[in-house]
Amino acid sequence: MVLKVVRREAPPSDEALLEGLRAHDERAIAQLYRRYARYVASVAYRLLGSDDEVDDVVQSVFLELLRSADRVYGPEYLRSFLLRITTRQVSRRLTRRWRSRRIQSALALIFPERSDPRQLAAFDELYEALGRLSPDLRVPWLLHHVEGQTLPESAEACGVSLATVKRRIARAEELLGRLFHD
Amino acid sequence: MISRKTALLRAREREAPWTDLREQRVLRRILLSRSEANSSPKPRFAPRLYAALALAAAAGVAFGVWLYAARAMHPEPIAQAVSASAPMRKLELSDGSLVELAAGADAEVVRREPHGLRVLQRRGQVHYRVAHDPARQFVIQAADVEVRVRGTEFSVELSNDAVAVHVTSGRVEVDDGTRVTTLLTGEALRVRAYSARAAAASAAEPEAPAPASADSAAPAEPKPEHVEATPRVDSVDALFQEVTDARASGRSAVAATRLREIVRRFPRDPRVPSAYFTLGRVERARGAHAAAARAFLGCANAAPGGTLAAEALAEAAASWLSAGQKASAARVAERYLKAFPKGSHAARMQAIVE
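Chains X and L, in that order, are what the protein sequence lines are. Under this note's numbering, the residues of the first sequence are numbered 4 to 185, in order. Under this note's numbering, the residues of the second sequence are numbered 348 to 701, in order.
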């Protein structure tokens, strides 16, 4: 029996992949995507509260990363950069949903109520309650309490000051407080 | 009502149903979008035109807001280098503040926002009469020293190694990177232009500071003329947290101070290269390019084989160039090319050497 030793190539570092991204190397793009797509998808899923637009968010996030790769100073900042873009993409979609729901509520005062087939089922009571918060309150609360981001990290991801993010999380907490019994 | 603990646990455990097939499908869409964006010309006709017309009113408002913001953020030189023989120049800023530059002085507005204005003073003596506005912070940065005011009259003199501040009227805060001192009418303060460690480095080879493995003694604290107690923080994690908080709230001088404290008090901590690198970025954002260059070199020296070494050397060379120190920039660029001949910044470093 002959034993064949196959020397596997070590996976490229994030730094090497970032350089490949900046050089528009398609292989590096695909490798970086595979390394982080699941992370971005999971964050988007938890922030959105549904699976409906996760693919769109992931696509938009990586396209934006391709456009802005030069702004990522180093591999150690890549994850927080991805979180920031993901937060922004999710916030846009939640804001659209929020506005559409408010318009519908306003119209319901004039027109007879109809069930909306596009209404998405919430994961559970928590997400149903979160769905009643504006995206400005919901997203930082989720980043801090579910994604485990510190307050400064949540502020950076949302693109607001620390004071603003504290205020928004406190307000969300106040509104959600009635939901919890502990 | 539900249990908060259970609700959060359930939320944290949620993972997107992300299969290989789905991953592949989205990747195809990304690569297709990318090649479409790179190759196809934009259509000229009707659908986009109608959409543009429909958005015209909103675009007009957005344009007005953008224009305001662009003007607010556009850097505006107060004055470039004034020759030694030129008389004192008086300039009025758009907020009514008055700035008087003595012969040989050089200062520039580097950031203008609705709630703040930052002036970078590069050398010489400048006299400021800042229009009173409690909602707006006027910041002068002279080397590693920040002078913060809300409406007062004072002068700042930057020489090779010292910054002297004299308050004619009002109240001024002086932050030299190690402590913040408040000066009132008639008070004066003279502090080191650069923090002690950086000052020692700048006096020697430009490629200082020495690698962290050397038994370098902690630099002496500058002798304070006004003392303000700052609570001592006893762990690297806590210091990094303070850095994060300070950067998030725009207090870059505090962030720089804490980063220097990390590298000074914990020279053997594995996060020292990262602290140096972050310090470089903070200093660069403050316009202190020489200090940024020294910090980036500190990163490269602390971990010559580390993941940040290549980037740190490239950033150091670029920062020396921004600071007007071409010889130092060329030396660092040569060091980069020797260590990373095929690195992604090789072409840029070669251009600096040439």
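Cβ coordinates follow ideal geometry from the N, Cα and C atoms, glycine included.
Residue i - partner residues in DSSP beta bridges
| i | result |
| --- | --- |
| L/P437 | Here residue 437 of chain L is Lys; the residue named in the question, Pro, does not match the sequence. L/K437 is bridged to L/E447. |
| L/V519 | L/V496, L/L530 |
| X/D127 | DSSP output for X/D127 lists no bridge partner at all. |
| X/V142 | The partner list for X/V142 (beta bridge, DSSP) is empty, contrary to what the question assumes. |
| X/F183 | L/I349 |
| L/H636 | L/H636 pairs with nothing; no bridge assigned. |
| L/V514 | L/F501 |
| L/A509 | L/R539 |
Residue i vs residue j beta-carbon contact at 8 angstroms
| i | j | result |
| --- | --- | --- |
| X/T98 | X/L146 | no |
| L/V473 | L/V503 | yes |
| X/V93 | X/A47 | yes |
| L/L505 | L/G471 | yes |
| L/L655 | L/F624 | yes |
| L/V679 | L/A693 | no |
| L/S350 | X/F183 | yes |
| L/V514 | L/T528 | no |
| L/A602 | X/V57 | no |
| X/Q62 | L/R376 | yes |
| L/S444 | L/A478 | yes |
| L/R641 | L/L660 | no |
| L/V295 | L/G645 | It is not possible to answer for residue 295 of chain L, since the shown part of chain L is limited to 348 through 701. |
| X/E18 | X/P78 | yes |
| X/Q34 | X/L21 | no |
| X/V75 | X/V43 | no |
| L/S666 | L/G627 | yes |
| X/A160 | X/L86 | yes |
| L/V519 | L/V494 | yes |
| X/E29 | L/L464 | no |
| L/D523 | L/V492 | yes |
| X/R96 | X/L51 | yes |
| L/A632 | L/S596 | no |
| X/S157 | X/V149 | no |
| L/D453 | L/R436 | no |
| L/Y475 | L/V446 | yes |
Extent of the continuous beta strand (DSSP E) run through residue i
| i | result |
| --- | --- |
| L/S502 | 500 to 505 |
| L/R476 | 463 to 476 |
| L/L536 | 535 to 539 |
| L/V486 | 484 to 489 |
Span of the alpha helix (DSSP H) around residue i
| i | result |
| --- | --- |
| X/Q62 | 57 to 71 |
| X/D17 | 17 to 25 |
| L/T604 | 599 to 612 |
| L/T667 | Here residue 667 of chain L is Trp; the residue named in the question, Thr, does not match the sequence. 656 to 669 is the span of the alpha helix (DSSP H), which, as asked, contains L/W667. |
| L/T366 | It is not in any alpha helix (DSSP H) - L/T366 carries neither H nor E in the DSSP assignment. |
| X/E156 | 154 to 161 |
| L/E681 | 673 to 686 |
| X/A33 | 29 to 51 |
| L/V700 | 693 to 700 |
If you measure beta-carbon to beta-carbon, which residues of the stretch 55 to 68 of chain X are closer than 8 angstroms to chain L? Those would be V57, D58, V61, Q62, F65, L66, in chain order.
Please identify, using Cβ separations under 7 angstroms, the residues of the stretch 156 to 185 of chain X that lie next to chain L, in order along the chain. Listed by position, the residues of the stretch 156 to 185 of chain X near chain L (Cβ gap below 7 angstroms) are A158, E159, S164, L165, L182, F183, H184, D185.
For the stretch 75 to 91 of chain X, which residues have a beta carbon sitting closer than 8 angstroms to at least one beta carbon of chain L? Per Cβ criterion, the list reads Y76, G77, P78, E79.
Against chain L: residues of the stretch 34 to 53 of chain X by CB proximity under 8 angstroms: Against chain L - using a Cβ distance shorter than 8 angstroms - the residues of the stretch 34 to 53 of chain X are Y36, R37, A40, R41, A44, S45, A47, Y48, R49.
Please name the residues in the stretch 591 to 610 of chain L whose beta-carbon is closer than 7 angstroms to at least one beta-carbon of chain X, in chain order. Answer set for the stretch 591 to 610 of chain L: T591, D592, A595, S596.
Using a Cβ cut-off of 8 angstroms, which residues of the stretch 127 to 148 of chain X contact any Cβ in chain L, in chain order? So the list reads D127, E128, L129, Y130, L145, H148, given in the order they occur along the chain.
Using a beta-carbon distance cut-off of less than 8 angstroms, what residues from the stretch 12 to 27 of chain X approach chain L? So the list reads S16, E18, E22, R25, A26, given in the order they occur along the chain.
For the stretch 357 to 383 of chain L, which residues have a beta carbon sitting closer than 8 angstroms to at least one beta carbon of chain X? For the stretch 357 to 383 of chain L, which is checked against every Cβ of chain X, the residues closer than 8 angstroms are R357, A358, R359, R361, E362, A363, P364, W365, R369, E370, R372, V373, L374, R376, I377, L378, S380, R381.
Note down, in chain order, all residues in the stretch 642 to 663 of chain L with a beta-carbon under 7 angstroms from any beta-carbon belonging to chain X. Cβ contacts with chain X come from T654, L655, E658.
Under 9 angstroms, CB to CB, which of the residues in the stretch 471 to 487 of chain L have a partner in chain X? The stretch 471 to 487 of chain L vs chain X, Cβ under 9 angstroms: nothing.
Looking at chain X, which residues of the stretch 676 to 694 of chain L have a Cβ within less than 9 angstroms of any of its Cβ atoms? Within the stretch 676 to 694 of chain L, the qualifying residues are G690, S691.
Determine which residues of the stretch 609 to 631 of chain L have a Cβ less than 8 angstroms from any Cβ of chain X, and write them out in chain order. Result list: S621, F624, R628.
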